[in-house]
Amino acid sequence: MNPEFWSLIGEKAALAGAMIGFSLVVAMYSTWAERKVAAYIQDRRGPDRAGWGGLLQPLADGGKLFFKEEITPRHAQKFLFILGPTIAMILACMTGAVIPWSTGFEWGNSVINPQIADVNVGFLYILGVLSLGVYGIMLGSWASNNKWSLMGGLRAASQIISYELPMGIALITILMISGTLRLGGIVEQQMDGYWNIVLQPVGFIIFLVCAFAETNRTPFDLPEAENELIGGYHSEYSSMKLGFYLFAEYINVFISSVVLSTLYFGGYDIPFVNDGKLAESSGMNMMAILHFLSLFIKACMFIFLFMWVRWTIPRFRYDQLMDLGWKRLLPLALANMLITGFVMLYFFNN
Amino acid sequence: MELLTNKAKQVDRRPMNFWEKLYLISIFQGMWITLKHFFGKKVTVSYPEKKRPFSPVFRGLHVLNRDEEGRENCTACGLCALACPAEAITMEAAERLPGEEHLYREEKYAAKYEINMLRCIFCGFCEEACPKDAVYLSQTVPPASYKRKNFIYSKEDLLIPVKKIEHKEQNLTN
C-alpha cells in the first residue's frame with residue numbers, strides 16, 4: 235500500500251471521529267437544551283443545579299444511565315434486543331458522513347475537505363440511511379416481546395413509509411433545480427444563486443414536516459407515545475440501551491437540522507458575504523471556521539425549532555397522521571413537483 | 317338557554333377545509349403563544365436560596381413562651397390538651413419547689429410537655445385556649461425525619477425554639 239492511501243485513510247478516520255464526537259456532544263447538549271426550552275415555554279427555569287445554568291446536567295444524566303440496572307426481559311430475543319439500540323445508534327451516526335460541513339482547511343501543503351464522503355449520490359445516501367433508521371426501532375420493539383412495544387414498532391414502520399414518499403418527492407424538486415445529487419454541489423449552487431428556501435418554500439415545509447416524522451419527534455412521536463404505549467418501542471429498555479435510543483433520536487434531530495440547512499438554507503453559506511473577499515481578508519482556515527459556524531448556527535436554529543414544536547403541539551391521532559401523510563402532503567408534494575417542472579420547462583428551457 | 321356567566325365560547329364545529337386540515341395556520345398560532353411564554357416572566361422560586369414568605373396568619377411549629385425574666389409561662393393547666401382536637405398534647409404537672417422561682421413563673425409547672433407533630437393538625441386551638449400566653453404557633457415547619465419518635469417534641473424542644481430545632485437537626489444527621 236502506498237503512503238497516500240494511508241494518509242487518506244487517516245484523514246477520513248480523523249474526520250469521521252471528529253464528526254461523530256461532535257454529533258455526540260451536540261446530542262448531549264440537545265438533551266439539556268430540550269429541558270431548558272421545555273421549561274422556558276412552560277414558564278419554568280429548568281435544570282439549574284448541576285453547574286452554571288445546569289450545564290453539567292447531561293453528564294449527570296449520562297452517568298445515571300450508565301449506572302442504572304440493566305434489565306433484559308426473560309422472553310426477549312436477546313440478540314435482537316441488543317441489536318436494536320445498536321442499529322439505531324450506528325445509523326444515527328452514519329447519516330452525517332455525506333454532509334459538507336465547511337470549505338476546505340489548509341493543512342501543510344494539502345487542503346482537507348471537511349466532508350467524509352463526497353459521494354455523487356449523497357442525497358440518496360441520506361434518504362437510505364434515514365429510512366434504515368426504523369430498523370433499530372422495529373427490531374428493538376419486536377425483540378422486547380411486549381405488545382406495547384410492538385405497537386410502537388408497527389407505528390414507526392408505517393409512519394416512516396408514509397412520510398418517506400412526500401419527503402422524496404420534495405427532494406426531487408431540489409434535484410430538478412440543482413441538477414446534482416451531490417450535497418456539496420447543491421451547497422455551491424445555492425452560494426452562487428438563491429437559497430432553495432426562496433425557490434422552494436412549499437417543498438421546504440413538506441420536507442420539514444417529513445423530517446419531524448422521520449425523527450419521531452412530536453407531533454409525530456406515535457412510536458413512543460408515552461401515555462398510550464408507555465414509552466412504545468423502548469418501554470422494555472433500561473440503562474444505557476435506553477440511553478442509546480434516546481441519544482440516537484437527538485443525533486437524528488441534529489443531523490436532520492444540518493440536512494435541512496444544507497438543502498434549503500445554503501449549507502455553510504454565510505448570507506450577504508462574498509467568499510472570495512472573505513478568503514482574501516482572513517485566510518482559508520479562518521473562512522472554513524466561519525463557514526462551519528454558519529452551518530452550525532443554522533442547525534441550532536432548526537434544533538430549537540424541533541424543540542419549540544415539540545412543546546407546542548400535541549401528538550396527532552393515528553388516523554390523522556395517515557391522513558396528513560397520504561391525503562395532504564403527498565398531493566401537495568406532487569403538485570409542487572409538477573409546478574416546478576412546468577416552470578422550469580416553460581421559462582428556463584434553453 | 318340562559319348563560320350563568322359570559323365565559324362560554326361557542327365552538328366552531330364546521331368541517332375543516334383543505335388548508336385547515338394541513339394544520340399549519342393553527343400550528344403557527346400555537347407556536348406564537350409558546351414563544352410569548354418562552355420570553356415571559358418565570359414563576360419558579362429558586363427554593364433553598366429564595367424562600368417565599370409565609371402568610372402572616374401561618375401556623376407552624378409550637379413555641380413554649382417565657383416571660384421577661386426568662387421564666388416558663390406554662391402552668392400545666394391542661395387547657396391546651398383539652399382544646400386539642402387531634403389529642404396531640406400530653407403533659408404532667410409538678411409543683412414548684414423553693415429555690416426554683418427563677419425557672420417557673422407560678423407555683424405549678426409542666427414537668428413533661430409533649431406535642432406529637434404527626435398528630436397535630438396545626439389548628440391553633442391550643443394557642444387560643446392558653447390563659448397564660450404560654451403556647452404559640454411559630455412561622456417554622458417541623459423538619460423532615462425518617463423516624464416517628466423524632467416528631468414527638470418534648471418540652472426542651474419547644475421551649476427555646478430556634479436553637480433547639482437546629483440542635484435537633486444536628487442530632488438527626490449524626
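Same order as they appear, the protein sequences are chains A and B. Each number in my numbering comes from the position in the first sequence (counting from 1) with 234 added on. Each number in my numbering comes from the position in the second sequence (counting from 1) with 316 added on. Ideal Cβ positions, reconstructed from N, Cα and C, are used throughout, including at glycine.
| Query | Result |
| --- | --- |
| Under 7 Å by beta carbon: chain B residues contacting Trp376/A | Simply none; closest approach about 32 Å. |
| Assigned exposure category for Asn380/A - 16 Cβ within 10 Å defines buried | buried |
| Per DSSP, cross-strand counterpart(s) of Gln380/B | Reading off the sequence, residue 380/B comes out as Leu, not Gln. Per DSSP, Val451/B. |
| Interface flag, Tyr471/A vs chain B, CB-CB below 8 Å | no |
| Cβ-Cβ separation, Phe478/A to Pro658/A (assumed contact under 8 Å), whole Å | The displayed coordinates of chain A run from 235 to 584. Any statement about residue 658/A would go beyond what the structure contains. |
| Contact with chain B by Trp545/A, beta-carbon distance below 8 Å | yes |
| Segments of 4+ residues assigned as alpha helix (DSSP H) that fall wholly inside the segment 343 to 415 of chain A | 356 to 377 and 381 to 412 |
| Within 9 Å of chain B by C-beta, residues of the segment 271 to 287 of chain A in sequence order | Val271, Ala273, Tyr274, Ile275, Gln276, Asp277, Arg278, Arg279, Gly280 and Asp282 |
| Buried versus exposed call for Lys312/A [16 or more other C-beta atoms within 10 Å across all chains shown] | exposed |
| Cβ distance (whole Å) where Trp545/A is taken to contact Ala272/A below 8 Å | 5 Å |
| Any non-hydrogen atom of the ligand COA closer than 7 Å to Met571/A Cβ | For the structure depicted, the ligand COA is absent and the ligand set is empty, with no information on it obtainable. |
| Reference Val353/A; option with closest CA among Gly418/A, Asp503/A and Lys561/A | Gly418/A |
| 8 Å Cβ cutoff, Leu319/B in contact with chain A | no |
| Members of the segment 550 to 579 of chain A near chain B, C-beta cut-off 9 Å | Phe550, Gln554, Asp557, Leu558, Lys561, Arg562, Leu563 and Leu566 |
| Pick from Leu299/A, Ala250/A and Ser264/A that is closest to Lys475/A, judged by C-alpha positions | Leu299/A |
| Chain-order list of residues whose beta-carbon lies under 7 Å from that of Tyr484/A (same chain, five-residue window excluded) | Ala261, Ser264 and Thr265 |
| Ile468/B - DSSP class collapsed to helix/strand/coil | strand |
| From Leu572/A, Met578/A and Pro453/A, residue whose alpha carbon lies closest to that of Arg549/A | Pro453/A |
| Chain B contact for Trp542/A (CB, 8 Å cutoff) | yes |
| Nearest to Cys446/B (by Cα), restricted to the options Tyr462/B, Ile405/B, Gln455/B and Ile349/B | Ile405/B |
| Assigned exposure category for Glu268/A - 16 Cβ within 10 Å defines buried | buried |
| Interface residues of chain A facing Lys337/B [CB-CB closer than 7 Å] | Arg562 |
| C-alpha distance - Gly330/A paired with Phe499/A, whole-angstrom precision | 17 Å |
| Inside the segment 424 to 512 of chain A only - alpha helix (DSSP H) runs reaching at least 4 residues | 430 to 433, 435 to 448, 460 to 463 and 473 to 498 |
| N- and C-terminal bounds of the beta strand (DSSP E) containing Met407/B | Ile405 to Glu411 |
| Closer than 8 Å to chain A by CB, His378/B | no |
| The segment 447 to 459 of chain B / the segment 378 to 397 of chain B touching (three or more Cβ pairs under 8 Å) | yes |
| Proximity below 8 Å, CB of Gln434/A to CB of Thr407/A | yes |
| Option in Glu422/B, Glu472/B and Ala397/B with minimal Cα separation from Glu385/B | Glu422/B |
| Nearest candidate by alpha-carbon position, reference Ala569/A, set Gly437/A, Ser378/A, Phe315/A and Val421/A | Gly437/A |
| Neighbour flag for Ile343/B against chain A, beta carbons, 8 Å | yes |
| Within-8 Å CB hit, Val327/B to chain A | no |
| Under 7 Å by beta carbon: chain A residues contacting Lys358/B | Asp277, Arg278 and Arg279 |
| Trp348/B burial status per 10 Å Cβ neighbour count (16 or more: buried) | exposed |
| Interface flag, His353/B vs chain A, CB-CB below 8 Å | yes |
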